[in-house]
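Participant: Last residue of the sequence shown: 201 (full-length UniProt numbering), numbering continuous. Cβ atoms here follow ideal geometry from the backbone N, Cα and C, with glycine treated the same way. Take a look at this one; I'll ask things after.
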Amino acid sequence: MQSSLFPTQSNNLLPFQGEMLFFPEFFPKPKADQYLSQLIDSLEWRQEPIWMFGKQVMQPRMTALYGDPKMPYGYSGIRMTPLSWTSELREILEEVQGKAETVFTHVLCNYYRDGKDSMGWHRDNEKVLGENPTIASVTFGAERIFQTRPYAGKKPKIDIQLTHGSLLLMRGESQQFWEHQLPKTKSCLQGRINLTFRRLV
Ligand SMILES: O=C(O)CCC(=O)C(=O)O
Ligand SMILES: [Fe+2]
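Here it is as structure tokens:
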């Protein structure tokens, strides 16, 4: 049983060098259901190519970037121009900023159509995110396993089951010392939306 001495505080899932805090039902189910279908329908999803080991390959998921139009953002050799915030994304932003105690400038949206869609091992450590960025990651839809492991040494690997309506806060030194991925899985036939709120400096 979890200790309830500090009920508003979530336990750190990382044993050292950074923090990952998990809030399984950050959005109540009816609200999460509503956001899932609204975001699938209303965001401008695209499948974009990225550069990997000198080759251009299609990303195994759909993406969309929203945020401050004056600040483009990119990773893995692509540059994305942010679209203007939608009303739902703004609403979610407000909730998440309160919990994270951070002001975010952008949200990178990922749509995993089923278990064949995925994201490989990486750190969110682009220079524009600053030294020890706080990244707030929200999930709507299918439950998928998110994995993290130390960047150096690759062990131990920690699995986190990301539930519908959940919030995962990554902060402190987590993007220096830990990498993460969302592996493929045969058993998942449903779609999942992930929103990662970021602050560009
Ligand atoms: O889908 C997820 O939970 C992870 C997304 C992620 O790591 C990213 O967008 O950088
Ligand atoms: Fe990431």
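Let me check understanding here. Comparing Cα to Cα, which of Ser174, Pro183, Pro28 and Gln59 lies closest to Trp45?
Facilitator: Closest option to Trp45, Cα to Cα, is Gln59.
Participant: I'd like to confirm the pairing. Which residues does DSSP put opposite Glu179 in its beta bridges?
Facilitator: According to DSSP, Glu179 bridges with Arg149.
Participant: Give me the Cα-Cα distance between His106 and Asp68, rounded to the nearest whole angstrom.
Facilitator: Whole-angstrom Cα-Cα distance: 6 Å.
Participant: Looking only at its own chain, which residues have a Cβ that is under 6 Å from the Cβ of Asp159, when we skip the five neighbours before and after it?
Facilitator: Around Asp159: Ile145 and Gln147.
Participant: Taking only the alpha-carbon atoms, compute the straight-line gap between Lys55 and Gly172 and give it to the nearest angstrom.
Facilitator: Computed Cα separation, rounded: 33 Å.
Participant: Is Met58 near ligand 1, judged by its Cβ being under 7 Å from some heavy atom?
Facilitator: No; taking the cut-off as 7 Å, the Cβ of Met58 has no heavy atom of ligand 1 nearer than that.
Participant: Give me the Cα-Cα distance between Ser3 and Leu13, rounded to the nearest whole angstrom.
Facilitator: Annotation note: pLDDT 48 at Ser3 (below 50); position unreliable, coordinate value reported separately. Going from the Cα of Ser3 to the Cα of Leu13 covers about 15 Å.
Participant: Identify the continuous beta strand (DSSP E) that holds Ser137 and give its terminal residues.
Facilitator: First-last of the beta strand (DSSP E) with Ser137: Ile135 to Gly141.
Participant: For Arg79, which residues in the same chain have their Cβ closer than 6 Å to its Cβ, ignoring the five residues on either side in sequence?
Facilitator: Pro72, listed in sequence order.
Participant: Under the rule that 16 or more other beta-carbon atoms within 10 Å means buried, what is Arg61, buried or exposed?
Facilitator: Result: buried.
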